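Going line by line, the protein sequences match chains A and B.
Heads up, the first sequence is in this note's numbering, so the first residue is 1419 and it goes up one at a time.
Heads up, the second sequence is in this note's numbering, so the first residue is -10 and it goes up one at a time.
Structure record follows, encoded as structure tokens.
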Amino acid sequence: MALTRFLIRRILSGILVLWIVSLAAFLLFFLRPRDTVARELGGKTATAPILALITKTLGLSQPIYVQYWQYLYRLVHGNLGYSYVDGEAVKTILAQDLPRTASLVVGGALLWLIVGLSVGILSAVRARSFFDRFATFGVLTGISMPTFVLGQLLLLAIFLPLNEHGFTWITDSYQGLSQGVVPWLGYYLLPWITLATVQAAIYTRLSRGSLVDTLGEDYIRTARAKGLTERRVIYRHGLRAALTPVVSQLGIDIGGFLGGVVVTEQVFNMGGIGQDSVAAISQGNLPVILGFVLIAALFVVVANIIVDMVYAVLDPRVRIS
Amino acid sequence: MSITEIQFQAQTVESAPEQAIQGRSQWQLTWRRLRSDRVAVGSVVVILIVAICAIIAPVFAALTGHPVDQEYPNTGWTLQGLPVGPMTHGFLLGTDSQARDLIVRIAYGARISLFVGISTTFVATLAGVTIGMISGYFGGGVDAVLARFIDAVLAFPFIVLALSLAAVFGPSLTIVLVVITFFSWAGISRVVRGQTLSIKEKEYIEAARSLGAGPWRIMFIDILPNLMAPVLVLATLSIPAAIVFEATLSYLGLGIQLPTPSWGNMLADAQNDFQVAWWYLLFPALALLITTLAFNLLGDGVRDAMDPRTERIFAAASGRRGRRKRRRVTPIDVLSDPAQPTLGGPA
């Protein structure tokens, strides 16, 4: 019951957030002179009547509130508008390219959390061992490495040599999950590593620090004193408390993760919605940008609801209400 | 007489008997620890070298005789119009896609990176500390609004705002500075707010208030000095983050525009050529990586040096050189893996 109420409230506030985000993005884009849009679409040689025609066709000549109202009206009816460039429905474009991005996001996030948490936990349990020192160095390198540089270096050091020697499993031509799991893995392996490394490094550091602190608490000594096995002390008593601050940080880092997605798509030329949005921006293609912004915001909102639920499971003091 | 003077006198009186064993201030201790941290000292040296390269970038151009934007289609390109490799025709690190000297452009790129990293960190730290202190000190409605705002900025997908702003105003150095600063202050604010919340309950703040000090005076004279340690660490770590941010924006074509060289836009340009010209990708990438790594290592060193608990870690680090016994009793060792019995540790 409490869970239902929690969900309803969070979904309502999520819708509010989405509305604010869409409004902000919409207003931001109308700081642009409307001629710029037509000029970019019409090209350098377009004459004034053509520009006027473009502006009129796109509905840009109407007052902003009318345009916004139309946008909102269509949005509520599940229509994200039409691309300024080729008139294609934004919904179609996004639906077409979303699977590419979804594979990247899901795999990258899994790799991020699995590697980040497990390396962090192992480092904390074996504090100051060779493994810990090695991991610490890896973490610092990972944090210092911009996502796109890592991706480019992977292409240079792994993709190129392998393909030159006829080993084409690691490929740069898109392989969806429908083409089979093995080709899919071959296509996504390098992008996943690229996307996950920076975040994994941050979370290794977070979870290590948190677990080292927790293991210094009195109740851990008590647990040891009453003769529990080390495994039980660390994984039952320590880990649960140590993970709460890590999970609460997750909600904040999801925004940064999205940035990584856009960059990774650009490096590997994946043709996902992140790359669509970068292209749309250079074209001033407002409907596509708004579509991306809405999906990104939706993703952040949903991910935050999940994070809050996990948080409540981990920390019994937190009540979902 | 100011509150701090009273504090100061109280402190001297308190520590007077210890004069015999030489009292050291927090800063002296920090400085001593930092100096004995070889990694941190090495990072400072690397950062200084990068900074000198940035400052004397024109000297690079003069020495090689290759101005930064000068193209050399005859010597800097192969017959196929591809960049030439390192150590060819007097190009130490090779040329880029436009047949310009790579080493000169990397030196000029250091200017952008360091300028963006340091200036945004400076402004973001000022803003972050001020907003964090106001939020933490005044509490109530002010805090509710500011804390929500801080959380919102932290959770906002920065890429969306960066993309939008660049689209609206056109990419430029100013937009880069604004975007990076906007996303850098919130993290500092959050920490400062938390620290202020706990410091403002201390007795000496109460004493200051009872002596008639106003809120601003308490914030900046009495609370601020106690925030310096975490702020300094955060600021040091914020510089490499800003450098990475700038490079990323430039890489996406939303930051510094060619022909002005920045490591980010060089790497973006290199993406088209890296299959034939690995040097064009590798050297700017290394320059970027070495710089950010040095700042991150320095930040870690500063944090360790400011943390009083670090003393024992340093004792442990030098344990191999003969202080092993003392090491065994440190609390951290209680946590170490039981699989490593006595005399284990970091071998």
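Beta carbons are placed, not taken as given, at the ideal position from N, Cα and C, and that holds for glycine.
Every value quoted in this text rests on a predicted model; they were computed, and no experiment measured them.
Simplified DSSP state of residue i, which is helix, strand or coil
{"i": "A/Y1605", "result": "helix"}
{"i": "A/A1507", "result": "strand"}
{"i": "B/D90", "result": "strand"}
{"i": "A/F1585", "result": "coil"}
{"i": "A/Y1360", "result": "The question about residue 1360 of chain A has no answer, for chain A in this structure spans 1419 to 1739."}
{"i": "B/A304", "result": "Residue placement at B/A304 is poorly supported in this model, since its pLDDT is 45, which falls under 50; the coordinates are not used for a value here."}
{"i": "B/P160", "result": "coil"}
{"i": "B/T84", "result": "strand"}
{"i": "B/P248", "result": "coil"}
{"i": "B/P146", "result": "coil"}
{"i": "B/P72", "result": "strand"}
{"i": "A/Y1502", "result": "coil"}
{"i": "A/H1655", "result": "helix"}
{"i": "A/L1646", "result": "coil"}
{"i": "A/Q1617", "result": "helix"}
{"i": "A/K1474", "result": "helix"}
{"i": "A/P1663", "result": "helix"}
{"i": "A/Q1480", "result": "coil"}
{"i": "A/L1436", "result": "helix"}
{"i": "B/R13", "result": "coil"}
{"i": "A/L1668", "result": "helix"}
{"i": "B/Y61", "result": "coil"}
{"i": "A/A1730", "result": "helix"}
{"i": "B/S258", "result": "Rather than Ser, the amino acid found at residue 258 of chain B in this sequence is Asp. Residue state, collapsed to three classes: helix."}
{"i": "A/A1545", "result": "coil"}
{"i": "B/T237", "result": "helix"}
{"i": "B/M217", "result": "helix"}
{"i": "B/Q264", "result": "coil"}
{"i": "B/L243", "result": "coil"}
{"i": "B/L200", "result": "coil"}
{"i": "B/E195", "result": "helix"}
{"i": "A/T1465", "result": "coil"}
Beta carbon of residue i nearer than 9 angstroms to that of residue j
{"i": "A/M1563", "j": "A/V1616", "result": "yes"}
{"i": "B/G31", "j": "B/P160", "result": "no"}
{"i": "A/L1558", "j": "B/D289", "result": "yes"}
{"i": "A/L1574", "j": "B/L271", "result": "yes"}
{"i": "A/L1580", "j": "A/T1612", "result": "no"}
{"i": "B/D90", "j": "B/H55", "result": "yes"}
{"i": "A/L1646", "j": "A/L1436", "result": "no"}
{"i": "A/S1625", "j": "A/A1545", "result": "no"}
{"i": "B/G244", "j": "B/V157", "result": "no"}
{"i": "A/I1707", "j": "A/I1699", "result": "yes"}
{"i": "B/G125", "j": "B/Q87", "result": "no"}
{"i": "A/G1526", "j": "A/V1679", "result": "yes"}
{"i": "B/V222", "j": "B/V291", "result": "yes"}
{"i": "A/Y1502", "j": "A/L1704", "result": "yes"}
Where residue i falls, given that 16 or more other Cβ within 10 Å makes a residue buried
{"i": "A/F1555", "result": "exposed"}
{"i": "B/G311", "result": "Note that B/G311 scores 36 on pLDDT, short of 50, meaning its location in the model is unreliable; the coordinates nonetheless yield the value given after this. The residue in question, B/G311, is exposed, as its Cβ has fewer than 16 Cβ neighbours within 10 Å."}
{"i": "A/F1552", "result": "exposed"}
{"i": "A/S1440", "result": "buried"}
{"i": "A/T1473", "result": "buried"}
{"i": "A/S1431", "result": "exposed"}
{"i": "B/L286", "result": "buried"}
{"i": "A/Y1653", "result": "exposed"}
{"i": "A/D1694", "result": "buried"}
{"i": "B/E195", "result": "exposed"}
{"i": "B/G121", "result": "buried"}
Chain B contact residues for residue i, given Cβ-Cβ distances below 7 angstroms
{"i": "A/T1475", "result": "Within 7 angstroms Cβ-Cβ: nothing; A/T1475 doesn't reach chain B, min ~21 angstroms."}
{"i": "A/P1564", "result": "V233, A236, T237, L277"}
{"i": "A/T1559", "result": "L282"}
Contacts that residue i makes with chain A (C-beta to C-beta distance below 9 angstroms)
{"i": "B/F272", "result": "The premise fails here: B/F272 is roughly 12 angstroms from chain A at the closest Cβ pair, so nothing lies under 9 angstroms."}
{"i": "B/F263", "result": "Q1570, L1573, L1574, L1578"}
{"i": "B/P346", "result": "Because chain B here runs from -10 to 336, residue 346 of chain B falls outside it and cannot be looked at."}
Amino acids of chain A, ordered along the chain, whose beta-carbon sits closer than 8 angstroms to that of residue i
{"i": "B/Y240", "result": "P1564, F1566, V1681, Q1684"}
{"i": "B/S153", "result": "A1443, L1446, F1447, I1699, I1707, V1711"}
Interface partners of residue i on chain B, CB under 8 angstroms
{"i": "A/G1702", "result": "A156"}
{"i": "A/L1676", "result": "P146, I148, V149"}
- Message: Check whether the region 258 to 278 of chain B and the region 196 to 211 of chain B touch, using three or more Cβ-Cβ pairs below 8 angstroms as the test.
- Response: no
- Task: Report yes or no: do the region 36 to 44 of chain B and the region 95 to 111 of chain B share at least 3 C-beta pairs separated by less than 8 angstroms?
- Result: yes
- Query: Pairing CB atoms from the region 262 to 276 of chain B with CB atoms from the region 141 to 157 of chain B, are three or more of them under 8 angstroms?
  - Reply: no
- Task: Count the CB pairs spanning the region 1685 to 1696 of chain A and the region 221 to 230 of chain B that are closer than 8 angstroms, and state whether there are at least three.
- Result: no
- Pair every Cβ in the region 170 to 177 of chain B with every Cβ in the region 108 to 122 of chain B, then say whether three or more of these pairs are closer than 8 angstroms. yes
- Query: Is the number of C-beta pairs between the region 1652 to 1671 of chain A and the region 1597 to 1612 of chain A that are closer than 8 angstroms three or more?
  - Reply: no
- Message: Taking 8 angstroms as the cut-off, does the region 1586 to 1597 of chain A touch the region 1499 to 1515 of chain A (at least 3 CB pairs, one atom from each stretch)?
- Response: no
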